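Start counting the sequence shown at 1; every next residue gets the next number (the UniProt record's numbering). Built from N, CA and C at the ideal position, the CB exists for glycine as well. Predicted model only: the values in this text are computed from it and were never measured.
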Amino acid sequence: MTETAIAQQTPAEQYAYFHERRELAVVQPQGSLALTNTQAIDSEQTIWGVPGRWAPLPAGESGLKVIAQAADGIRVDGVLVDGEAVVRGKDDPNPSAIVFSDTVTGFVIRLDGGSYALRVWDAKSEAIENFGGIDAFDYDPDWVVTADWSENPAGTTMGFEHLKDDGQTREEVVPGRITFTRDGVDYDLAAFKSGRALQLVFADATSGDSTYSVGRFLFVAPNADGTITLDFNRAILPPCAFSYAFNCPLPPKQNRFGVPIEAGEKNVLAKDGSLLHS
């Protein structure tokens, strides 16, 4: 669909198209439902689900080393590994692509602290095979909120806890403040930088009830007039709702709403209508 055609749709029709694209995205070969393993490598070791042995590189180098025989069938950047090969991480300007089979691929990510991990994706994963859809609220124009945007001093950071980090926090750049008043309650939200957008990680009174317990994400960008539009109909489930191999940021205290936000995505469903993940 062209941008012109999308612009001619009603907001509810645009929302339906957005939802359709979301359901297509998560079942792609490296979509959220395809991730089967994320394994940190701090010594030479095997990795569940894939062949070869994997080892860290010298400090300061991006990626991992793989040791494999030709019979293992591992290809790094299109070349069959027969011996050793360097697999460059996603933080490298030219990251490596790994192919294990017709359906299984991988790449290397840099973890907080400087170590590296291998991510394994399976285009025929059990989760993809059992996926029934993303449950979502009906479009509600009342949850399109215009907030004020004010920039923070350069370099302002805030600690965000992640699901698997045992209470430890990671400092993320928070470019500005998002403030608004709704039903007599003042909100002052923190969103960290995610590429060219801002990522708002939030929870509300539906979390753990009618929506995924960990919370939801909303990606936004400031408007030229100093406002910022929070369309909670575009609230999406975090990757960890689709695969336990993700480690998602948790909503900070000021991003926890005491009211139900009945807009956006709810849960990931199996084909029989049950929750795909709890």
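**OP:** Could you name each continuous beta strand (DSSP E) segment of 3 residues or more that falls completely within the segment 189-221, going from the start of the chain to the end?
**Re:** With a minimum length of 3 residues, the unbroken runs of beta strand (DSSP E) contained wholly in the segment 189-221 fall at 197-202, 216-220.
Original post:
Apart from the five residues just before and just after LEU118, which ones in its own chain have a Cβ nearer than 7 Å to its Cβ?
Top reply: In the sequence shown, residue 118 corresponds to position 118, counting from 1. Counting only Cβ-Cβ distances below 7 Å, and skipping sequence neighbours, we find GLN39, ILE41, ILE47, TRP54, LEU64, GLY106, VAL108.
Original post:
HIS277 by DSSP, collapsed to three states: which one?
Top reply: In the sequence shown, counting from the first residue as 1, residue 277 sits at position 277. Correct three-state label for HIS277: coil.
**OP:** Report the option in LEU237, ALA12, ALA123, ALA147 whose CA atom is closest to the CA atom of ALA190.
**Re:** In the sequence shown, the residue the question calls residue 190 occupies position 190. Scanning LEU237, ALA12, ALA123, ALA147 for the CA closest to the CA of ALA190 turns up ALA147.
Original post:
So who's on the other strand from LYS65, going by DSSP bridges?
Top reply: For the purposes of this step, residue 65 is identified with residue 65 of the sequence shown, where counting begins at 1. Paired residues: ALA55, VAL86.
Subject >> Where residue 279 sits in the DSSP three-state scheme >> reply: Residue 279 is absent from the model: the chain starts at 1 and stops at 278.
Subject >> Bridge partners - TRP48, DSSP secondary structure assignment >> reply: One-based indexing of the sequence shown puts residue 48 at position 48. The partner list for TRP48 (beta bridge, DSSP) is empty, contrary to what the question assumes.
Original post:
By DSSP, does TYR244 sit in helix, in strand, or in coil?
Top reply: Translated into the one-based positions of the sequence shown, residue 244 becomes position 244. Three-state result, TYR244: coil.
Original post:
For the alpha helix (DSSP H) that contains GLN39, what are its first and last residues?
Top reply: Here residue 39 is taken as the residue at index 39 of the sequence shown, counted from 1. Looking at the DSSP string, GLN39 is not in any alpha helix (DSSP H); the run it does join, the beta strand (DSSP E), is 35-41.
Original post:
Taking the Cβ atom as the reference point for each residue, do LEU35 and VAL120 lie within a distance shorter than 9 Å?
Top reply: Counting from 1 along the sequence shown, the entry for residue 35 is found at position 35. Counting from 1 along the sequence shown, the entry for residue 120 is found at position 120. Taking 9 Å as the Cβ cut-off, LEU35 and VAL120 qualify as a contacting pair.
Original post:
Are the segment 83-98 and the segment 8-18 touching, with three or more C-beta to C-beta distances below 8 Å?
Top reply: No: the two stretches stay apart, fewer than three of their Cβ pairs being nearer than 8 Å.
**OP:** Let me know if GLU265 comes out buried or exposed under the rule of 16 or more other beta-carbons within 10 Å of its beta-carbon.
**Re:** Your numbering for residue 265 matches position 265 in the sequence shown. So GLU265 counts as buried.
**OP:** Determine, using beta carbons only, whether SER101 and GLY73 come nearer to each other than 9 Å.
**Re:** Position 101 of the sequence shown, counting from 1, holds the residue named residue 101. Position 73 of the sequence shown, counting from 1, holds the residue named residue 73. In this structure, SER101 lies near GLY73, with their beta-carbon atoms less than 9 Å apart.
**OP:** Could I get the ranges of all uninterrupted beta strand (DSSP E) runs contained in the segment 82-126, with 3 residues as the minimum, in chain order?
**Re:** If we require 3 residues or more, the beta strand (DSSP E) runs fully inside the segment 82-126 come out as 83-87, 104-110, 116-122.
Subject >> Through-space distance from GLY114 to ASN94, alpha-carbon basis >> reply: Counted from its first residue, the sequence shown places residue 94 at position 94. Counted from its first residue, the sequence shown places residue 114 at position 114. If you take the alpha carbons of ASN94 and GLY114, they lie about 18 Å apart.
Original post:
If you pair each beta-carbon of the segment 244-255 with each one of the segment 224-234, do three or more pairs fall below 8 Å?
Top reply: Contact fails: fewer than three Cβ-Cβ distances are below 8 Å.
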